[in-house]
Amino acid sequence: MLNRVLVSCFFFVAFTAQSQLISSTQKKVSKFSFDTNTYVYFNVNILNAFRSLEPNEAHLNTPLGLRANEDPLLCASYSFGVSIPLHETLKINTGLAFTQNGESYKWNSVVNDSSFMYSSSYQYIALPICFSSAFGKKLKVRLSAGLIPSILSGYKQNQEWTDSDGSEYDNEITVQDDLNFFKLSSQASIGVEYFFGKISVRAAYLYIQQLNNSYKEFEDYIHRENAQGGQLTLTYLLK
Numbered sequence: 054m055l056n057r058v059l060v061s062c063f064f065f066v067a068f069t070a071q072s073q074l075i076s077s078t079q080k081k082v083s084k085f086s087f088d089t090n091t092y093v094y095f096n097v098n099i100l101n102a103f104r105s106l107e108p109n110e111a112h113l114n115t116p117l118g119l120r121a122n123e124d125p126l127l128c129a130s131y132s133f134g135v136s137i138p139l140h141e142t143l144k145i146n147t148g149l150a151f152t153q154n155g156e157s158y159k160w161n162s163v164v165n166d167s168s169f170m171y172s173s174s175y176q177y178i179a180l181p182i183c184f185s186s187a188f189g190k191k192l193k194v195r196l197s198a199g200l201i202p203s204i205l206s207g208y209k210q211n212q213e214w215t216d217s218d219g220s221e222y223d224n225e226i227t228v229q230d231d232l233n234f235f236k237l238s239s240q241a242s243i244g245v246e247y248f249f250g251k252i253s254v255r256a257a258y259l260y261i262q263q264l265n266n267s268y269k270e271f272e273d274y275i276h277r278e279n280a281q282g283g284q285l286t287l288t289y290l291l292k
């Protein structure tokens, strides 16, 4: 009889310990889930900006000239805003952004010291709107897509050149009257986001494609930005 009692006590203690171990392990391992947090965010984008450029056939069909040989320009943009859940799998993100895109050109003579180069940048104030979904544990995979309506805030072209004797000159142009006041672009990104406490850090690949013309209707060219690069985001949890 005593042996039966001791065996029963042994199995009871073993079962209780095993249950506590399983419960403790389950608490330590978080489940896969969608991100449903509301948070504010700050973005930094480093993009390789370029453009599609073609003559405006509805106007004068002007040849591209030296602009056909332009190169991409590395540009930085910044934004801050709020991310709000719409559904258990979907969030909307919107805020205020300061963006820029551009292109560059460089020429060097093969017969003397003459050279010419410029970089053109277009600055905008934007209201990006995108939908996103993130799934995982503490490390989540995040997808997003949306639109970027923007208003032109400035233009700058820095020019540098040398003559045949090697003398250096420079000029800055800040007035460009042929630019469209409004720009609309699409955006898409894929990345990973790591959560710790009330903060998360996200790294993503971002692609942007302009939908309308950067120039006014009756100008020489049809110019549309396309840019791609990295996006780094810091978020702070509100609830």
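Going by our numbering, the sequence shown opens with residue 54, and the numbers climb by one from there.
Built from N, CA and C at the ideal position, the CB exists for glycine as well.
Just so it is clear, the structure is predicted and the values come from calculations on it, not from any experiment.
- By the Cβ rule, the stretch 246-261 counts as touching the stretch 280-289, because three or more pairs are nearer than 8 Å.
- In the DSSP assignment, residue 268 falls outside any beta strand (DSSP E), carrying neither H nor E.
- Check the Cα spacing between residue 105 and each of 281, 263, 186: the tightest is with 263.
- Here residue 267 is near residue 233, since their CB atoms are less than 7 Å apart.
- The criterion of a C-beta distance shorter than 7 Å is satisfied by residue 153 and residue 174.
- A contact is defined here as three or more CB-CB pairs under 8 Å, and the stretch 159-174 fails this definition with respect to the stretch 182-196.
- Excluding its 5 nearest sequence neighbours in each direction, residue 276 has C-beta neighbours in its own chain below 7 Å: 104, 106, 266, 267, 268, listed in chain order.
- Residue 241 sits close to residue 260, with the two beta carbons spaced by under 7 Å.
- With a 10 Å radius around the Cβ and a threshold of 16 neighbouring Cβ atoms, residue 150 comes out buried.
- For residue 229, no beta strand (DSSP E) encloses it, and the DSSP letter there is neither H nor E.
- In the three-state scheme derived from DSSP, where H, G and I count as helix and E and B as strand, residue 121 is classed as helix.
- Straight-line spacing of the CA atoms in residue 177 and residue 198 works out to 20 Å.
- For residue 85, no pairing in a beta bridge is given by DSSP.
- Per DSSP, reduced to three states, the secondary structure at residue 291 is coil, with no helix or strand assignment.
- For residue 144, the uninterrupted beta strand (DSSP E) segment begins and ends at 143-161.
- By the neighbour-count criterion, in which a residue is buried when 16 or more other Cβ atoms sit within 10 angstroms of its Cβ, residue 86 is exposed.
- Looking at the backbone, the Cα of residue 109 and that of residue 120 are separated by about 14 Å.
- Between residue 182 and residue 147, the CB-CB gap stays under 7 Å.
- In the three-state DSSP reduction, residue 209 falls in the strand class (E or B).
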